[in-house]
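Residue numbers (our numbering), protein chains in the order written: chain A, 1 to 173; chain B, 1001 to 1173.
For each residue, glycine too, the CB sits at the ideal point set by N, CA and C.
Right, one structure below, let's go through it.
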């Protein structure tokens, strides 16, 4: 267990800020997706549910940051760049928009899974059990979303391809 | 089962080309990571192994494309953008370079997992069992790499944080 002035503690703070920025970006992306999907109601409904979870996750991460004496005003450069990119993916896609949305959505959920897994270890390392506990709770929600996307991937692709070959049907979203 | 002139077949070709570009980018990223890591030999060795797998995957995907009458000269815009971004992540990071490398590496493996899962469904949809078979084989390698990163994540974070707080030790890579 490290002291609170350790460089490990500084990394934990940086990673919490990264996670907060990631959740803000997730909300933007998911809102964009949910507003565009027309023909895939199951996906739309699951995303809607995850938007609520994402807002609560932002609040929980912010609490961890503030309890450790930090604030959410600054984020690391890299995260900013990563987030801006994922935002780009959430916009208007080509003719396979919904399929690419599911693809990048799954990658993004796994980015979150890796981030919270690292945060849990860092929190344990510096002895912050409350942050470890919070990140474990969030991790479960991210895993559930990733699993849903994985389990529904095959059906989504089949639906998309069937619509794409059917006359007078819109497939892309 | 669809005819080979279907729009479903066109999507399959586009997605195979996306996958080929993704594997080329993966090789660039992994080479960059492996050349920079100094203090994490297990990670470096696993990445080295995956570089060999990645080169073979490129060849396998190219075979699928050519067997279906296409070539690898053009890729979709979106993939190009996504790949350029991931390439950015593979460069020099801040003081937590190795940890962020593992984070984005895991997200990238899951992007590949989702892409091959979609490809398997699309190949089955148009009745191309050979492409489905190839993508299933590649998917297993991507899953194995993602699982390795996940299983070694906690130890990597602990090693990194321990090095970061130790005097005269380089932690970042």
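Backbone secondary structure at residue 1091(B) - three-state DSSP: To locate residue 1091(B), count along the second chain from 1; it is residue 91. Since pLDDT at residue 1091(B) reaches only 45, below the 50 mark, its modelled position is unreliable, and the value read off the structure follows with that caveat. The answer is coil: DSSP assigns residue 1091(B) none of H, G, I, E or B.
Residue burial classification, residue 90(A) (beta-carbon count within 10 angstroms, cutoff 16): Counted from its first residue, the first chain places residue 90(A) at position 90. Bear in mind that the predicted position of residue 90(A) carries a pLDDT of just 47, short of 50, making it too unreliable to give a figure here.
Along the region 1105-1117 of chain B, what residues have a CB closer than 7 Å to any CB found in chain A? 1106, 1107, 1110, 1111, 1114, 1115, 1117
Using a beta-carbon distance cut-off of less than 9 Å, what residues from the region 1158-1170 of chain B approach chain A? 1158, 1160, 1161, 1162, 1164, 1165
Which residues in the same chain have their Cβ closer than 7 Å to the Cβ of residue 1048(B), if we skip the five residues on either side of it in sequence? As a working mapping, residue 1048(B) is identified with position 48 in the second chain. Exclusion of the five residues before and after residue 1048(B) leaves 1034 as the residues of its chain whose Cβ lies within less than 7 Å of its Cβ.
State the Cα-Cα distance for the pair residue 1069(B) and residue 1125(B), rounded to the nearest angstrom. Translated into the one-based positions of the second chain, residue 1069(B) becomes position 69. Translated into the one-based positions of the second chain, residue 1125(B) becomes position 125. Distance between the alpha carbons of residue 1069(B) and residue 1125(B) is about 18 Å.
Among 1132(B), 1142(B), 1116(B), 1172(B), which residue has its Cα nearest to the Cα of residue 1156(B)? By 1-based counting over the second chain, the position of residue 1156(B) is 156. Ranking the options by Cα distance to residue 1156(B), first place goes to 1172(B).
Just curious, the alpha helix (DSSP H) that residue 1038(B) is in, first and last residue? Taking the second chain and counting its residues from 1, one reaches residue 1038(B) at position 38. Careful: residue 1038(B) lies outside any alpha helix (DSSP H) and carries neither H nor E.
Check whether the region 1009-1020 of chain B and the region 135-144 of chain A touch, using three or more Cβ-Cβ pairs below 8 Å as the test. No: fewer than three Cβ pairs fall under 8 Å.
For residue 1002(B), which residues in the same chain have their Cβ closer than 8 Å to its Cβ, ignoring the five residues on either side in sequence? In the second chain, the residue the question calls residue 1002(B) occupies position 2. Note that residue 1002(B) scores a pLDDT of 43, beneath 50, so its modelled location is shaky and nothing firm can be said.
Could you tell me whether the region 93-101 of chain A touches the region 1101-1114 of chain B, using the rule of 3 or more Cβ pairs below 8 Å? no
Report the rounded CA-to-CA distance for residue 166(A) versus residue 1122(B), giving the unit in angstroms. Within the first chain, numbered from 1, the residue matching residue 166(A) stands at position 166. Within the second chain, numbered from 1, the residue matching residue 1122(B) stands at position 122. If you take the alpha carbons of residue 166(A) and residue 1122(B), they lie about 16 Å apart.
Taking the alpha-carbon positions, what's the residue 1129(B) to residue 1022(B) distance? Start at 1 with the first residue of the second chain, and residue 1129(B) comes out as number 129. Start at 1 with the first residue of the second chain, and residue 1022(B) comes out as number 22. If I take the Cα positions, the gap works out to 22 Å.
Under 7 Å, Cβ to Cβ, is there at least one residue of chain B near residue 91(A)? Taking the first residue of the first chain as 1, we reach residue 91(A) at position 91. Bear in mind that a pLDDT of 45 at residue 91(A), under 50, signals an unreliable position, so the number given afterwards is only what the model happens to contain. Not a single C-beta of chain B is nearer than 7 Å to the C-beta of residue 91(A).
Residue 168(A) by DSSP, collapsed to three states: which one? Start at 1 with the first residue of the first chain, and residue 168(A) comes out as number 168. Coil.
Below-7 Å beta-carbon distance, residue 26(A) vs any chain B residue: Taking the first chain and counting its residues from 1, the one referred to as residue 26(A) is at position 26. So, not an interface residue.
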